[in-house]
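Report on the structure given below.
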């Protein structure tokens with residue numbers, strides 16, 4: 026197909042692989058860009074910018090204790106900061122407590138439902154961690170048990186070898202005794 030500028034384009038035989046790329050470009054083109062003064066790390070409910078978690082956490086905690094801004098937004102953002110995957114000091118328990126406080130103290134907040142989802146996700150995460158720990162403990166116990174069985178098997182193999190050696194020596198001794206008995210009978 027020719028374009029007005031003379032370039033040729035071919036339609037892809039299978040356009041499905043291009044669909045995620047097109048959707049990403051469409052979504053990125055429709056999103057708004059937040060300028061620094063527009064509420065990044067702000068206590069009025071702005072987005073969390075993962076550049077300085079400590080500073081953002083201090084700002085939200087200060088706003089919460091001083092009663093400035095929206096306390097539900099501050100609690101929500103504190104929870105997100107503590108749970109954020111890029112936060113090197115992430116603390117899921119503190120995040121969970123922040124979200125629970127938000128739901129308890131501000132049940133009518135528009136952030137209460139997302140906080141409930143966070144609570145479910147974090148509780149599931151704790152459950153998965155506990156199950157993982159149990160599995161790891163079971164794996165260690167099974168490894169110890171396997172090592173013990175291996176040691177016992179090796180000991181039994183050594184005993185079997187000793188018994189086989191004793192049996193062979195006994196046979197040799199019996200053969201020697203029989204040989205001497207026959208020699209003594211011939212005399």
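In the working numbering, the protein residues as written are 26 to 212.
Every residue, glycine too, gets a C-beta built ideally from N, C-alpha and C.
Which word fits residue i, buried or exposed, when buried means at least 16 other C-beta atoms lie within 10 angstroms of its C-beta?
{"i": "residue 101", "result": "buried"}
{"i": "residue 106", "result": "buried"}
{"i": "residue 123", "result": "buried"}
{"i": "residue 84", "result": "buried"}
{"i": "residue 182", "result": "exposed"}
What's the gap between the Cα of residue i and the Cα of residue j?
{"i": "residue 180", "j": "residue 160", "result": "30 Å"}
{"i": "residue 140", "j": "residue 149", "result": "14 Å"}
{"i": "residue 88", "j": "residue 78", "result": "15 Å"}
{"i": "residue 12", "j": "residue 164", "result": "Nothing about residue 12 can be reported from this structure: the residues present for the chain run from 26 to 212 only."}
{"i": "residue 91", "j": "residue 170", "result": "58 Å"}
Taking C-alpha atoms, which residue in the options lies nearest to residue i?
{"i": "residue 146", "options": "189, 93, 206 and 108", "result": "108"}
{"i": "residue 126", "options": "152, 97 and 110", "result": "97"}
{"i": "residue 118", "options": "132, 152 and 176", "result": "152"}
So, for residue i: in the same chain, excluding its five sequence neighbours on each side, which residues have a beta-carbon less than 8 Å away from its beta-carbon?
{"i": "residue 128", "result": "137, 140, 141 and 144"}
{"i": "residue 86", "result": "99 and 103"}
Once the 5 residues before and after residue i are set aside, which same chain residues still bring their CB inside 6 Å of it?
{"i": "residue 121", "result": "147"}
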